[in-house]
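S.K.: If you scroll down you'll find the structure; I have some questions about it.
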Amino acid sequence: MKRKILCAAAAAVILIAYFIFLFLYTKKDYNGAPSISFDTGHIELSVQDDAGALLEGVTASDPEDGDLTDQVLIDSISVFDDQGRRTVRYVVFDSENTPAQAERTLSYTDYTPPVIGLTGSLVVDNLSDVELNRLGSATSCVDGDISNRLNVKIGTLQEDSVRLDFSVTDSTGTEAYLSVSCDYDRSVYLADIVLGNYLLYLPAGETYDLRSNIRDIIISKQSRMELLDEVEIQSGVDFSKPGTYEVYYYLASDTGSSGRAKGIVVIQ
Numbered sequence: 159m160k161r162k163i164l165c166a167a168a169a170a171v172i173l174i175a176y177f178i179f180l181f182l183y184t185k186k187d188y189n190g191a192p193s194i195s196f197d198t199g200h201i202e203l204s205v206q207d208d209a210g211a212l213l214e215g216v217t218a219s220d221p222e223d224g225d226l227t228d229q230v231l232i233d234s235i236s237v238f239d240d241q242g243r244r245t246v247r248y249v250v251f252d253s254e255n256t257p258a259q260a261e262r263t264l265s266y267t268d269y270t271p272p273v274i275g276l277t278g279s280l281v282v283d284n285l286s287d288v289e290l291n292r293l294g295s296a297t298s299c300v301d302g303d304i305s306n307r308l309n310v311k312i313g314t315l316q317e318d319s320v321r322l323d324f325s326v327t328d329s330t331g332t333e334a335y336l337s338v339s340c341d342y343d344r345s346v347y348l349a350d351i352v353l354g355n356y357l358l359y360l361p362a363g364e365t366y367d368l369r370s371n372i373r374d375i376i377i378s379k380q381s382r383m384e385l386l387d388e389v390e391i392q393s394g395v396d397f398s399k400p401g402t403y404e405v406y407y408y409l410a411s412d413t414g415s416s417g418r419a420k421g422i423v424v425i426q
C-alpha cells in the first residue's frame, strides 16, 4: 500500500513538473508574438527609389526580444489593384522563429508600363525560333531588364515575311504588346546597315530625322559612314498620327556593296 502511495506521489510530481515546463516553454506565446507597425498605412514612392524606401516608417518589437525593426523583411509585393496600388507584405521573426506579418499599400508617382524593344533588324536569313526570339527585349521601370519574361508568338511564313507578336508582363501585373512583321531574305548583302534603335517610340507631333538613326555602315568589317547619304529610306511614317510604322533602309553603292535593314517607329 505504501509503495502504491509513493508511486502515485512520484507520478504527481512528474506531472506537475511537466506542466511547469510546458508553462515556461510556452510562456512567450502568452506574452505575445512579435508585432509590426507603420507610421502610415499607405506610401507613395518613385520608381527610382531603392528597396530601403519600402522600409521607411516600419517598426517591429517583441515582448522578450525588444526592438526588431532592423530585422523586418519584405515578404512580397502584389500586382496593382483596381486603384493602381500594390500591397506590400512585411515579415519579422523573434528569437524563437515566431513570425509576424503586416501589410500596407504602395503607389508610384512616376510609373510607366514596360517597354518592348528590338535588338536587331527585322530582315533575317534565318527563321529559327532561337534567332527570332533574340530579336526582342523588354525593360520595366520597376524591374529593370525583363527580357527573360518576354513571350514571342511566331506566325507562319507568308510572302517572305512572318508575324512576330511580343508580349511581356512586369511585377506590377502590367502587360505590354508589340506586333511586327519580320522579312525573310536570303540574299547576300555585303553592307551591314546598323541602326541606333531598331524600334523607336515617339510622341505624336514630334518629328524625327530617320537618317540620323543610322549608327554605322559596315563593309568588310570597316566602317563606311561616308556612304550615309547614299542610303535610301522608305517609310510611311506619319509623325502626327499614332500607329506602328515600318522603315526600310537600302544601300546600293558604286562599289557593288548592297545592304538592307528594317526598323519600326511607334507614334504614341
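This note's numbering puts the sequence shown at residues 159 to 426. Note that CB positions come from ideal geometry on N, CA and C, so glycine has one too.
#1: Which class does L386 belong to by DSSP, given the choice of helix, strand or coil?
#2: Using CA coordinates, which residue listed in D341, F324, P361 is at the minimum distance from Y335?
#3: Please return the same chain residues whose Cβ sits closer than 7 Å to the Cβ of R321, not counting the five positions on each side in sequence.
#4: Going along the chain, which unbroken runs of the beta strand (DSSP E) with 3 or more residues stay wholly within the stretch 201-285?
#5: Leaving out five residues before and five after R344 in sequence, what residues of the same chain have Cβ atoms less than 8 Å from its Cβ?
#6: Cutting at 6 Å between CB atoms, please list the residues of its own chain near Q392, excluding the five before and the five after it.
#7: Which residues does DSSP pair with D341 in a beta bridge?
#8: Flag this pair as touching only if the stretch 191-207 and the stretch 263-283 have three or more C-beta atom pairs under 8 Å; answer yes or no.
#9: Check each candidate in V300, Y248, V249, F251 and name the one with the smallest Cα separation from Y269.
#10: If we require 3 or more residues per run, which beta strand (DSSP E) segments fall completely within the stretch 361-406?
#11: If contacts are defined as beta-carbon pairs under 8 Å, then S236 and T227 qualify, I think. What distance do you get, rounded to the angstrom?
#12: Note down, in chain order, each residue of its chain lying with its Cβ closer than 6 Å to the Cβ of N309, except the 5 sequence neighbours on either side.
#13: Using DSSP with H/G/I as helix, E/B as strand and the rest coil, what is N306?
#14: Mind checking whether Y359 and V424 have CB atoms under 8 Å apart?
#15: In the structure shown, what three-state DSSP assignment does D197 receive?
#16: Could you give the C-beta distance for I304 and V250, rounded to a whole number, given that I count them as a contact under 8 Å?
#17: Going by DSSP in three states, V288 sits in which element: helix, strand or coil?
#18: Starting from Y359, follow its DSSP beta bridges and name the residues at the other end.
#19: Tell whether a beta-carbon distance below 8 Å holds between G224 and F196.
#20: Given this structure, state the Cα-to-Cα distance separating A419 from V352, to the nearest angstrom.
#21: Sort F238, V389, Y356 by Cα distance to D412 and report the nearest one.
#22: Relative to the C-alpha of N291, which candidate in T297, K311, S298 has its C-alpha closest?
#23: CB-CB under 7 Å to L213, same chain, minus the five flanking residues each way: which ones, in chain order?
M.R.: In short, the structure shows the following:
#1: In the displayed model, L386 falls within a helix according to three-state DSSP.
#2: F324
#3: G313, S337, S339
#4: 216-220, 231-235, 244-251, 257-266, 273-276
#5: D283
#6: Here the set comprises Y406.
#7: V281, S319
#8: Counting Cβ pairs under 8 Å, three or more are found: they touch.
#9: V300
#10: 372-377, 390-393
#11: Rounded, the Cβ-Cβ distance is 23 Å, inconsistent with contact.
#12: S325
#13: helix
#14: yes
#15: Residue state, collapsed to three classes: coil.
#16: That pair is no contact at about 30 Å.
#17: helix
#18: V424
#19: No, the Cβ-Cβ distance between G224 and F196 is not below 8 Å.
#20: 8 Å
#21: V389
#22: K311
#23: V230
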